[in-house]
C-alpha cells in the first residue's frame, strides 16, 4: 500500500535522524569553511515528518557509518510512489573534490525509468552549499516495485578516493499506473489523479484527520500535533487551540465549560 510505504520510509529516515541530524534555527546557514558535506534537503524531510532537520550522508569529510553498514540496503524500506525525487545539498568547503556518478541505472524500465540528476554526471563539488536533485521517474505504464542502482565516487585533488567511497546502493521504489490526464501532486499530498489526500507523519491518532500536510485535526478529548494526548482536564473544550491551553493557568481550568 502506498500509505504504508510512506510511513515506513519516513520512519526509517527519522530513525537515522536521531543519530546524524543537525537542527538549524531560522537565520542559520552553512558556511563554506570546513570539509566536504552532503545532506538531504530539510524541506523534503519536513514534508514527510513535519520536522525541520537535515539528514547527512557525509559530514565534514566523513561518510556516516550507517551508509557503510553492510545491511543498509536491506534495512531501507521501499521508497513510496509519492517520492519522485530526492533533493540533496553539498559543499566541498576549503578543500577541493571531484565527483563521478558512475552509475544511474534502472533494472526494469517498464516500471521505473533510469534515474537522472540535475547536475553533470562528473565534475567538481562546489565550494559553497549547492542543491541538486536525483529524479526517480516511474514509467506510469506499470505498477510494481522498481529496483535501481546509484554509484558515486568522490576523490581528493590528489585523485585519492574519499574514505568510505565509492558509495554504491541498490534501492527499491514503488510505482503505480498513471491515471489519464494526471500530473504530479503538490508536496505533501497523495495521488494522483486527484491529489486531495494530505500526508501526515506520524499518522493522526485517536480518530484525528489529516486536513493539511503535517496538520492533524483532533476529535473531542484529544490534543497534540498528532492527537496523541488527551486533554488535561475533562472540562476543557476540545476546540480550544492547544496554544491557548498552554497559556491558561491551573486556577482557570475549572471555569471552562
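Residue numbers (mature numbering (1 follows the signal peptide of the UniProt record, and there is no 0)): -21 to -1, 1 to 236. Virtual Cβ for every residue (Gly too), placed ideally from N, Cα, C.
- Item | For residue 35: DSSP bridge partner residues | Note: residue 35 sits in a beta bridge opposite 18.
Checklist entry - Looking only at C-alpha atoms, which of 192, 191 and 207 sits nearest to residue 198? => result Closest option to residue 198, Cα to Cα, is 207.
To the nearest angstrom, how far is it from the Cα of residue 177 to the Cα of residue 135?
44 angstroms
- request: Look at the alpha carbon of residue 203 and the alpha carbon of residue 196, and state the distance between them as a whole number of angstroms.
  value: Cα-Cα distance, rounded: 9 angstroms.
Among residues of its own chain, excluding the 5 on either side of residue 179, which ones have a beta-carbon nearer than 8 angstroms to its beta-carbon? 29, 189, 192, 193, 194, 195 and 205
Where does residue 52 sit, in a helix, a strand or coil, going by DSSP? DSSP places residue 52 in the helix class (H, G or I) of the three-state scheme.
Nearest to residue 40 (by Cα), restricted to the options 109, 58, 164 and 133: Residue 133 is the option with its Cα nearest to residue 40.
Fill in: Nonlocal neighbours in the same chain, by C-beta distance under 6 angstroms from residue 147, ignoring five residues either side
Same-chain partners within the cutoff: 130.
*asked:* Going by C-alpha to C-alpha distance, which of 20, 37 and 103 sits closest to residue 264?
replied: Outside the displayed span of the chain (-21 to 236) sits residue 264, for which this structure offers no information.
Whose CA, out of 122, 166, 97 and 125, lies closest to the CA of residue 112? 97
**Prompt:** Roughly how many angstroms separate the alpha carbons of residue 25 and residue 76, rounded to a whole number?
**Reply:** 29 angstroms
Query raised in the report: alpha helix (DSSP H) containing residue 47: first to last residue?
Result: 44 to 47
(message) Nearest by alpha-carbon distance to residue 126: which of 45, 48 and 56 is it?
(response) 56
Report task. With a floor of 3 residues, list each beta strand (DSSP E) that falls wholly inside the region 98 to 144, ordered by position along the chain. Result -> 101 to 103, 109 to 114 and 123 to 135
- Query: In its own chain, which residues sit with a C-beta less than 8 angstroms from the C-beta of residue 91, not counting the 5 before and 5 after it?
  - Reply: 85, 115, 116, 117, 118, 125, 126, 127, 152 and 154
I'd like the span of the beta strand (DSSP E) that includes residue 82, first residue to last.
Judged by DSSP secondary structure, residue 82 falls within the beta strand (DSSP E) whose first and last residues are 76 to 85.
message: With distance defined between alpha-carbon atoms, name the residue in 18, 82, 38 and 49 nearest to residue 32.
response: 18
Item to check | Nearest candidate by alpha-carbon position, reference residue 22, set 184, 174, 200 and 166 | outcome: Among 184, 174, 200 and 166, the Cα nearest to that of residue 22 is on 166.
*How long is the line joining the alpha carbons of residue 110 and residue 71, rounded to whole angstroms?*
13 angstroms
**Asked** Since residue 36 contacts residue 43 with CB under 8 angstroms, what's their CB separation in whole angstroms?
**Response** Confirmed, about 6 angstroms.
Residues sharing a beta bridge with residue 188, DSSP: 196
**Cβ pair residue 52, residue 122 closer than 8 angstroms** = Residue 122 sits away from residue 52, with the two beta carbons spaced by 8 angstroms or more.
**Q.** Whether residue 20 touches residue 68 by CB criterion (8 angstroms)
**A.** yes
query: Which word fits residue 187, buried or exposed, when buried means at least 16 other C-beta atoms lie within 10 angstroms of its C-beta?
result: buried
Spatial neighbours of residue 253 within its chain, please: C-beta separation below 7 angstroms, excluding the five flanking residues on both sides.
As displayed, the chain neither begins before -21 nor continues past 236, which places residue 253 out of reach and without an answer.
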